Amino acid sequence: MAVQFSEEKLNKVKEIIARYPEGKQKSALIPVLHLAQESFGGWLSAETMDYVASLLQLTSIEVYEVATFYSMYNLKPVGKYLFEVCQTGPCMLRGSDDIIAYIREKLNIGVGETTTDGLFTLKTVECLGACGYAPMMQLGKHFREHLTKAKVDEIIAECRREANN
Amino acid sequence: MAEEKKLFKVKIDNITVEVEPGTTILNAARKIGGEVVPPAMCYYSKLQGSGGKCRTCLVKVTKGSEADPRPMPKLVASCRTTVMDGMEVANITSPEVQDARKGIVEFLLLNHPLDCPVCDQAGECDLQDLSYEHGVSATRYEFKRRTFDKIDIGDHIKLHMTRCILCYRCVFTADQLTNKREHGVLNRGEASEIGTYIQQSLDNDFIGNVIDVCPVGALTDRTARFKNRVWFLKPVDAHRNCDKCCGKTVLWMRGDEVFRVTARKDKYGEVEEFICDTCRFDKKSAADWVIEGPRAISRHSVISQGHYVGVHKPHETIAKVMDGRSPKLLMDIHSISEVNQPAVDLSKIDGPAHSNDFPKNNSVQ
Amino acid sequence: MGRKLLLDKAHIEGIRYYDVYRKNGGYAAAEKALKSMSPDLVTEEVKKSGLRGRGGAGFPTGLKWSFLAKPEGVPRYLVCNADESEPGTFKDRYLMEFLPHLLIEGLLISSFALGANRTYIYIRGEYAWIPDILEEAIREAHKNGWLGKNIQGTGFDLEIYVQRGAGAYICGEETALIESLEGKRGNPRIKPPFPAVKGLWQCPTVVNNVETLAAVVPIINIGGDEYVKIGIGKSTGTKLISACGNINKPGVYEIDMTISVEEFIYSDEYCGGIPNGKRLKACIPGGSSVPILPANLLLKTAKGEPRMMTYESLNDGGFATGSMMGSGGFIVFDEDQCVVRHTLSLARFYHHESCGQCSPCREGTGWMERVLKNIENGKGKMSDIDLLWDIQRKIEGNTICPLGDAAAWPVAAAIRHFRDEFEWHVRNPEEALKRNFGLAHYADPLPVVAAAAV
Ligand SMILES: Cc1cc2nc3c(=O)[nH]c(=O)nc-3n(C[C@H](O)[C@H](O)[C@H](O)COP(=O)(O)O)c2cc1C
Ligand code: SF4
Ligand code: SF4
Ligand code: FES
Ligand code: FES
Chain V
5 MAVQFSEEKL
15 NKVKEIIARY
25 PEGKQKSALI
35 PVLHLAQESF
45 GGWLSAETMD
55 YVASLLQLTS
65 IEVYEVATFY
75 SMYNLKPVGK
85 YLFEVCQTGP
95 CMLRGSDDII
105 AYIREKLNIG
115 VGETTTDGLF
125 TLKTVECLGA
135 CGYAPMMQLG
145 KHFREHLTKA
155 KVDEIIAECR
165 REANN
Chain U
-14 MAEEKKLFKV
-4 KIDNITVEVE
6 PGTTILNAAR
16 KIGGEVVPPA
26 MCYYSKLQGS
36 GGKCRTCLVK
46 VTKGSEADPR
56 PMPKLVASCR
66 TTVMDGMEVA
76 NITSPEVQDA
86 RKGIVEFLLL
96 NHPLDCPVCD
106 QAGECDLQDL
116 SYEHGVSATR
126 YEFKRRTFDK
136 IDIGDHIKLH
146 MTRCILCYRC
156 VFTADQLTNK
166 REHGVLNRGE
176 ASEIGTYIQQ
186 SLDNDFIGNV
196 IDVCPVGALT
206 DRTARFKNRV
216 WFLKPVDAHR
226 NCDKCCGKTV
236 LWMRGDEVFR
246 VTARKDKYGE
256 VEEFICDTCR
266 FDKKSAADWV
276 IEGPRAISRH
286 SVISQGHYVG
296 VHKPHETIAK
306 VMDGRSPKLL
316 MDIHSISEVN
326 QPAVDLSKID
336 GPAHSNDFPK
346 NNSVQ
Chain Y
46 MGRKLLLDKA
56 HIEGIRYYDV
66 YRKNGGYAAA
76 EKALKSMSPD
86 LVTEEVKKSG
96 LRGRGGAGFP
106 TGLKWSFLAK
116 PEGVPRYLVC
126 NADESEPGTF
136 KDRYLMEFLP
146 HLLIEGLLIS
156 SFALGANRTY
166 IYIRGEYAWI
176 PDILEEAIRE
186 AHKNGWLGKN
196 IQGTGFDLEI
206 YVQRGAGAYI
216 CGEETALIES
226 LEGKRGNPRI
236 KPPFPAVKGL
246 WQCPTVVNNV
256 ETLAAVVPII
266 NIGGDEYVKI
276 GIGKSTGTKL
286 ISACGNINKP
296 GVYEIDMTIS
306 VEEFIYSDEY
316 CGGIPNGKRL
326 KACIPGGSSV
336 PILPANLLLK
346 TAKGEPRMMT
356 YESLNDGGFA
366 TGSMMGSGGF
376 IVFDEDQCVV
386 RHTLSLARFY
396 HHESCGQCSP
406 CREGTGWMER
416 VLKNIENGKG
426 KMSDIDLLWD
436 IQRKIEGNTI
446 CPLGDAAAWP
456 VAAAIRHFRD
466 EFEWHVRNPE
476 EALKRNFGLA
486 HYADPLPVVA
496 AAAV
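Here is the structure:
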């Protein structure tokens, strides 16, 4: 897929740039990288980053520096469904380790790996601000909270159903 | 009537000095000179915004100012803290500072390969100097060191990231001396590294200066004709008419051969004036230069200590961290170095010398 | 029931939307401030209220506002810190999800007081759905004349924008946040200059927490004098506590700062006690960065007095026997929890989140994690415990930003109060892999207390 935003997304980029004073379009970098990641397969390739650099009139290194700093940017391809399970203290108190182990077993992958069908990637992350609703994970835009093994099963089935449609 | 400019009186380790308002503690100490000057691994007076990162220059402010004599609650980075009138600062007279500095040195060395014996920078490395002066007796780090592959960034510069202490000087240099920065700091935390993401050459008229500002041997000159210990080379001041830079350099020579060209450095290891890449990389013949005479090395470093034989007692640190191998660097370099054996005529080797250009000395290793 | 000022209307159906919010007294404070008060008077009112920053440091908000430099012709900015990444903390999320207009109103009043015409909400990237909620509320406020040009005919202009982060705890630190908002890596700046003089795009800037800015609304509504009457001493007003860990009712609670820690944990109004009849072992009362306390020191101070949910009381005893209010992330441990393992998890967190700019934090956080991992995995040595102590000591106070301290404190406090648990791990490596140290004496009455109380 060629790295090129649609007309609609380009308008979104313009709208983002307009949030800042004249000449401060570098501030748009983080939001535009989010947009790029969503638009170009869930990760940021060097090509994508160079494209963003040219859009915002930045040098490529400025984009790489930022993209590699923040943990939400994937610098390698990931599965269609990215399970980001929180493993920090408060979640651990409520059994996040067991949930992580269960997902590994169920999908037969290790942390950081993707299933062979390319559907699922498991990632452990640090506190997502849902400690009271632990254990939890982020799936796409939303949080899945109060996880149990049964709930994990449901989520996996839900993803499989969606992928098959 | 012009008012006389008011100077601030500052006391550092009980020595009083008067400086202009806006001066940093570090620069006030440099005005005094000698032992009271805190070591600075990341600050570089010629690079705007530098400093504050390595924390080796921490000092204790025991009195804030005449107006507000309260001490500062924490140690402060002397390179980024400006003086106040009546301020009192303790550096070498504060055990707390010495202790903290020892900690900082330990942190800086934690992931450092300590490969001084094969490092081009050995002998003019700020980290090496620092670790002799403030090092701890043995490393307490029992884990695998972080390592990176060496990469060539362009025809002229080699990056050996494993040695980098992330002082950011090279980043500021590229920002401030060239019109397009192509390298930077990637990743975060302990995984941070200097890089270009996709291997890219640094190409610019002044980018070579990153070699001179690098306090360790992370950025080195690929065009230096042979690997050679700096202390075998004779530094001479030289100049040429250059349309890009001041043309004032130091040639590192052996006999009539120019091994490498650098800018002239002051006693704090900072260049006096930046030089251009043509002078640095392309003028490797004595005929290109007007030689002024031998350079007076004022640094307290090993360069000024001749052949470095038996000068320092080897620290236990080195033995420990080198997996029990003997601390070659500090011993008689002739008998143990892989790269500096008088038996090998360096000038006969075509291109950069590699360790396999030298017969292995089996008594070592 | 304690007094509620922020969440009193949270239960009202549809309060997320402008019409319902307005009908229930919303934007009355904004109206009062913009139409009948001067910016200085608003700041004065906030000063009077004694409001302290709810982001963690507890710095008096009115005072902070009065430091803002006001050079002619230079724009000033207000930035709302919604990065909320301190483990155990999830209160700002609650406010933004359920009461977005309360935050918008607070931002409007505060921007008016500071003379800021452009205000940013910097929200952590993982709260990916909340910007939609906030932007919807911003649109509604625009439509009803509370944002934009010449607000309610007062001549005051304001635009509010939402900026998402992208996964970095350090961007909660105010100067790292500003860097990130400028589209850079989240490296904290070296201070001075402070943001009040040179902040966003080198202009004077105030950074405040979500809850702090929301609290401005009730302060204007009831007046600073009334607000200051709630709570004890310098802990005025109400505070949101996000409670989690081993409790029956995890969630976000608004407390007026007059209740005891014991009441907070055990009463049905708040946490509802500990599940399964387990006993309390320890607690981190103010987010992961503040010292952990064993049960006996948590419920009573070293002087034997009941510990209260106030800034001062939680801090009673300093680091030796006290802790901090911090961000209000209240993490409870029951008797089955292992302190070593938990400390390891926090060490991993700080290692992961260090920006890497300064050497003690960059190198020290990873070192601590590795040593702790050894201890946890039965490979520890006795000397490792002292080593950990020494590493944290050499990080603390020697770094650019407080993340270094935040990484050091949990380790220090765990060793200070739970050293025997660490030693047990070292001495019984195999057993430690199978079971936990348990409650030991951590919940027993404090023996030294009586003597020390004299
Ligand atoms: C490492 C670190 C993380 C922080 N994270 C947050 C945060 O997530 N939210 C927040 O409001 N303040 C956070 N702070 C505190 C901010 O630096 C700043 O003090 C606060 O936003 C000021 O607002 P307040 O005065 O309203 O509390 C953090 C500080 C540090 C050092
Ligand atoms: S490569 Fe050298 S100059 Fe650049 S950051 Fe590393 S140590 Fe500093
Ligand atoms: S203390 Fe840590 S997070 Fe803060 S500036 Fe230093 S390395 Fe970065
Ligand atoms: S610890 Fe998992 S969400 Fe906070
Ligand atoms: S020289 Fe001052 S912190 Fe590095």
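Residue numbers (our numbering), protein chains in the order written: chain V, 5 to 169; chain U, -14 to 350; chain Y, 46 to 499. The beta-carbon is built from N, C-alpha and C at its ideal position, and this holds for glycine as well. No experiment lies behind these values; they were computed from the predicted model shown.
Among the CB atoms of chain Y, none fall inside 7 angstroms of the CB of U:K45. For the alpha helix (DSSP H) assignment, the uninterrupted runs of no fewer than 4 residues enclosed by the stretch 145 to 214 of chain U are, from N- to C-terminal side, 154 to 162, 194 to 198. Annotation: V:L132 is outside any beta strand (DSSP E) and is labelled neither H nor E by DSSP. With contacts defined by Cβ atoms closer than 7 angstroms, U:M26 and U:D100 do not form a contacting pair. Not one heavy atom of ligand 3 falls within 6 angstroms of the beta-carbon of V:C95. Judged by their CB atoms, Y:F375 and Y:P330 are nearer to each other than the 7 angstroms cut-off.
Counting only runs of at least 3 residues, the stretch 343 to 409 of chain Y fully encloses the following beta strand (DSSP E) elements, listed from N- to C-terminal order: 374 to 379. Distance from the CA of Y:P474 to the CA of Y:I310, rounded to the nearest whole angstrom, comes to 33 angstroms. The DSSP-derived three-state label of Y:N254 is strand. Remark: the shortest separation between the CB of V:T92 and any heavy atom of ligand 4 falls under 6 angstroms. Between V:G93 and Y:P132, the C-beta gap is smaller than 7 angstroms, which places the two residues in contact. For Y:D465, the secondary structure class from DSSP, reduced to helix, strand or coil, is helix. For U:K143, the beta-bridge partners assigned by DSSP are U:D137, U:T205.
In this structure Y:G231 does not touch Y:C403 by the C-beta definition: roughly 14 angstroms separates them, more than the 8 angstroms allowed. By the 16-neighbour rule on beta-carbons within 10 angstroms, U:T1 is exposed. Within the same chain, and ignoring the five residues on either side of V:C135 in sequence, the residues whose Cβ sits closer than 6 angstroms to its Cβ are P94. The contact set of Y:H396 on chain U, defined by CB atoms closer than 8 angstroms, consists of G174, E175 in chain order.
DSSP places V:E69 in the uninterrupted alpha helix (DSSP H) bounded by 64 to 71.
By the CB criterion at 7 angstroms, Y:A114 and Y:I149 fall outside the cutoff. Boundaries of the alpha helix (DSSP H) around Y:P474: 474 to 479. Here U:D206 really is in contact with U:H141; their C-beta atoms are around 7 angstroms apart, less than 8 angstroms. Under DSSP, V:Y85 takes part in a beta bridge, and its partners are V:F124. Taking a beta-carbon distance threshold of 7 angstroms, U:G34 does not count as an interface residue toward chain V. Around the CB of V:E66, 16 or more other CB atoms lie within 10 Å, so the residue is classed as buried. According to the DSSP assignment, U:P54 belongs to no beta strand (DSSP E), since it is labelled neither H nor E. In this structure, the alpha-carbon of Y:I319 lies about 29 angstroms from that of Y:L144.
Per DSSP, Y:P336 is not a residue of any beta strand (DSSP E), being assigned neither H nor E. Y:L123 has Y:T164, Y:V251 as its beta-bridge partners, per DSSP.
Taking 7 angstroms as the cut-off, the beta carbon of U:V82 is found closer than this to the beta carbon of U:K45. Taking a C-beta distance under 7 angstroms as the contact criterion, U:C152 and U:P200 qualify as a contact pair.
Contact note: Y:S287 reaches chain V through C135, G136, using a C-beta cutoff of 8 angstroms and chain order. Residues of chain V whose Cβ lies closer than 9 angstroms to the Cβ of U:K31 do not exist, since the nearest Cβ in that chain is about 22 angstroms away. Residues of chain V whose Cβ lies closer than 7 angstroms to the Cβ of U:K165 are, in chain order, T63.
For Y:I376, the nearest beta carbon of chain V is closer than 7 angstroms to its own beta carbon. Boundaries for U:C27: no beta strand (DSSP E) harbours it, and the DSSP string shows neither H nor E there. Beyond the five residues adjoining it in sequence on each side, U:L115 comes within less than 8 angstroms, by CB distance, of P24, M26, T41, V90, L93 in the same chain, given in chain order.
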